[in-house]
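Q: Have a look at the structure that comes next, please.
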Amino acid sequence: MVATQKPSERSALLPAPTFGSSNCDVLSEIYRSGGINSRFIKYPQIPFEELDRLRFRSDDPADRYLAASKVDVRRDDVVARLKADAEAGDPAAVEMWRLVNDVPDWVDWERIKRGQRVFWYFSGPILMLLLHFSLLFGVAAPKVNKVLMATGYLSKPTKVTFTRLLETTHWIISCMHDDSIRPGAKGWESSIRVRFLHATVRARIRALGKSNAKYYDESFYGVPINIEDMTATLLSFSVGPIDRLLMLGYYVPVQEREDFCHLWRYIGYLSGIPEDMNPLAKGFDFSASFAASVVLHVCDPDETTIELAQGLLRGSSLGLAELALERSSSPGTTISKPKFEQAADKFYLLYAQITRIILGNKYSDFIRVPKSNQIPWAQWLAAHGTMIYFVIATYVIRISRILQYFHISFQKRTLPPLIDRVLGGKPPKFLMRHEPKDENATANNNNGDVKATGTASA
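Here it is as structure tokens:
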């Protein structure tokens, strides 16, 4: 259950907030003025014992259905299969189908629409922050990285990484249209598919871990893709971007923050987070405090942090370079390897400077992002210009309701088709492309890192 402490209560037994012992200074700039302690002024830090319990909680309804049905996420349409099994009277399917179709009483569709509007209003900076904050900061947690490394997801700097990120973007956007997360709608379906993909990866890793603890030691790491990990991901997609917008100087009214949280609260429900464990149920401020508690609990960056962060940045740069060169070249033109590598390097340096602006120098140094004095003026100016443009634009647009209407309408018209085109016009089905395999992994005796070649789209 989500912590029940009231504002300003603090257990006398709770240790003072501190980052992981070995790399505490690396994360010291993340929260900037006031530091992470500023997150515990209104609501206290969640005790580690409570967060430990969440690491051993799973998405039980999805797990039960997968175990009973033997559905194959590599090729089955899991939503259609779930519906058919529920109609056939399978108990696990009936339970699962009821959960995802019965809308909780607390859902306020008007608030959800307002939350979706917040996304479209800030869509540019939010999508930028999902990479440069949510994902890059997210890999500071070694226990979370264990699953990412075991699946190979995001761990290799290839163009496939860019595709995986676009598929995640497609899922988010599919949830942002009016009525898109009502039962049966596209965003609702995508959320269910992602939920089953995670459940399948969880089951596979648990099975392999039982036969080889070096592959995955559940007694130490917790259940793969456990409730704490799922909640951390949910908060990194909801509270995280809004919190970072505020730090970067954007104006986000309190009501917009709360509406955005309400939207993601329901997406979290569809994704398998039990309502009594979802911090978003208590609003933005509590969720920001909860997120900081999770950071203290699991974030202690190590070598896997560097590998995954570089995989994200370089993989995204490769994909964007290929896309840019294809758009600027005549059909049938062969792009030389040096030209492609040069373009990828330029995008990588642009991403590096944006990362430094958003996450600060200490963490950026740790993940081996080039320093600002190593970044050419063109990329440096482009990064700072982009950041300044987004801030000014959101202030100017807010002056007029007409400007807001045209801005949001433009984003809705252009962004989804753009993502669809880049993905080849094929909406992602969130199938497990390569399941985790023991023979693909090697345990490092020093830090327990896992190196794998499989990938899972999530």
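Here full-length UniProt numbering is used: the first residue of the sequence shown is 1, the next is one more, and so on.
We put the beta carbon where it would ideally sit given N, CA and C, even for glycine.
1) Identify the continuous alpha helix (DSSP H) that holds LYS346 and give its terminal residues.
2) Quick check: the Cα distance between ASP77 and THR333, rounded to an integer number of angstroms?
3) Are GLY184 and TRP171 touching if we call contact CB-CB under 9 angstroms?
4) Considering only residues of the segment 212-254, which uninterrupted alpha helix (DSSP H) runs meet the minimum length of 4 residues and lie entirely inside it, listed in chain order?
5) Would HIS132 and ILE419 qualify as a contact pair, given that the criterion is a beta-carbon distance under 9 angstroms?
6) Considering just the uninterrupted stretch of the alpha helix (DSSP H) at LYS146, what are its terminal residues?
7) Where does VAL396 land, buried or exposed, given buried means 16+ other C-beta within 10 angstroms?
8) Check this for me: beta carbons of CYS261 and GLY115, under 9 angstroms apart or not?
9) In chain order, what residues of the same chain lie with their CB nearer than 6 angstroms to the CB of SER293, ignoring the 5 residues before and after it?
10) Enumerated in chain order, which unbroken segments of the beta strand (DSSP E) with a length of 3 residues or greater are wholly contained in the segment 269-320?
11) How would you call PHE406, buried or exposed, if buried means at least 16 neighbouring beta carbons within 10 angstroms?
12) In the structure shown, what three-state DSSP assignment does PRO91 receive?
13) Tell whether a beta-carbon distance below 9 angstroms holds between SER190 and PRO427.
14) Spatial neighbours of GLU245 within its chain, please: C-beta separation below 8 angstroms, excluding the five flanking residues on both sides.
15) Would DSSP call ILE205 helix, strand or coil?
16) Assuming TYR363 contacts ILE30 under a Cβ cut-off of 8 angstroms, what Cβ separation, rounded to an integer in Å, is found between them?
17) Suppose you measure from the CA of SER38 to the CA of SER28; what does that come to, to the nearest Å?
18) Exposed or buried, what is PRO301 when buried is set at 16 or more other beta-carbons lying within 10 Å of its beta-carbon?
19) If you check the beta carbons only, do VAL223 and ARG401 fall under 9 angstroms apart?
20) Taking HIS132 as part of the alpha helix (DSSP H), name the residues at either end of that continuous run.
21) Taking DSSP as the reference, what is the three-state secondary structure of ASP412?
22) From ARG398 to ALA88, what does the alpha carbon distance come to, in whole angstroms?
23) From MET247 to LEU280, what distance separates their C-alpha atoms?
24) Name the residue from ARG111, LEU349, ARG98 whose alpha carbon lies nearest to the alpha carbon of GLN374.
25) If you measure between the beta carbons of PRO61 and GLY272, is that distance less than 9 angstroms?
26) Let me know if ILE267 comes out buried or exposed under the rule of 16 or more other beta-carbons within 10 Å of its beta-carbon.
27) May I ask you to report which of helix, strand or coil DSSP gives LEU176?
28) Going along the chain, which residues of its own chain have a beta-carbon closer than 7 angstroms to the beta-carbon of THR169, five neighbours each way excluded?
29) Would you tell me roughly how many angstroms separate the C-alpha atoms of SER409 and ARG117, rounded to the nearest one?
30) Do ARG75 and MET96 have their C-beta atoms within less than 9 angstroms of each other?
31) Is the beta carbon of VAL254 within less than 8 angstroms of some heavy atom of the ligand ATP?
32) Buried or exposed for LEU381, going by 16 or more other Cβ atoms inside 10 Å?
33) Alpha carbons only, please: which of ILE41, ARG57, PHE137 is nearest the one belonging to PHE366?
34) Identify which residue in MET387, PHE290, SER329 has its Cα closest to the Cα of VAL239.
35) What residues in its chain sit with their C-beta under 6 angstroms from that of ASN101, if we drop five residues either side in the sequence?
36) Helix, strand or coil for ILE41, going by three-state DSSP, please let me know.
A: So, to answer that:
1) Looking at the DSSP string, the run of the alpha helix (DSSP H) that includes LYS346 is 337-359.
2) Looking at the backbone, the Cα of ASP77 and that of THR333 are separated by about 38 angstroms.
3) Cβ distance not < 9 angstroms, so GLY184 and TRP171 don't count as in contact.
4) You should have 218-221, 227-237, 239-247.
5) Going by C-beta atoms, HIS132 is not nearer than 9 angstroms to ILE419.
6) Unbroken alpha helix (DSSP H) run through LYS146: 142-151.
7) Classification of VAL396: exposed, given that the 10 Å Cβ count is below 16.
8) Inclusion of CYS261 and GLY115 in the CB contact set at 9 angstroms is warranted, their separation being smaller than that value.
9) Taking C-beta separations shorter than 6 angstroms and ignoring five residues to either side along the sequence, the partners of SER293 in its chain run GLN45, ILE46, following chain order.
10) List check, beta strand (DSSP E) in window: nothing returned.
11) So PHE406 counts as exposed.
12) Helix at PRO91.
13) Contact: yes.
14) Note on identity: in this sequence residue 245 is Leu, with Glu being the wrong assignment. For LEU245, where only same-chain residues beyond five positions count, the Cβ hits under 8 angstroms are PHE122, PRO125, ILE126, LEU129, VAL252.
15) In the structure shown, the three-state DSSP call for ILE205 is helix.
16) So it is a contact: roughly 6 angstroms between Cβ atoms.
17) Spanning the two alpha carbons is a distance of roughly 13 angstroms.
18) Buried.
19) Their beta carbons are not under 9 angstroms apart, which means VAL223 does not touch ARG401 by this criterion.
20) Annotation for HIS132: no alpha helix (DSSP H) segment contains it, and DSSP assigns it neither H nor E.
21) A small correction: the amino acid at residue 412 is Lys; Asp does not occupy that position in the sequence shown. Looking at LYS412 - three-state DSSP - the assignment turns out to be helix.
22) C-alpha separation (whole angstroms): 52 angstroms.
23) One C-alpha to the other measures close to 20 angstroms.
24) Of the residues ARG111, LEU349, ARG98, the one whose Cα lies closest to the Cα of GLN374 is LEU349.
25) Going by C-beta atoms, PRO61 is nearer than 9 angstroms to GLY272.
26) Its Cβ being crowded by 16 or more others within 10 Å, ILE267 is buried.
27) For the record, residue 176 in the displayed sequence is Met; it is not Leu. In this structure, DSSP gives MET176 a state outside helix and strand, which the three-state scheme calls coil.
28) Excluding sequence neighbours, THR169 sits near LEU127, ILE419.
29) Using only the alpha carbons, I get a separation of about 10 angstroms.
30) Against a cut-off of 9 angstroms, the Cβ pair of MET96 and ARG75 comes out as no contact.
31) Ligands displayed in this structure: none; no statement on the ligand ATP is therefore possible.
32) So LEU381 ends up on the exposed side.
33) Measuring C-alpha to C-alpha distances from PHE366 to each of ILE41, ARG57, PHE137 identifies PHE137 as the nearest.
34) Considering only alpha carbons, the answer is PHE290.
35) Around ASN101: PRO183.
36) Secondary structure of ILE41 (DSSP, three-state): coil.
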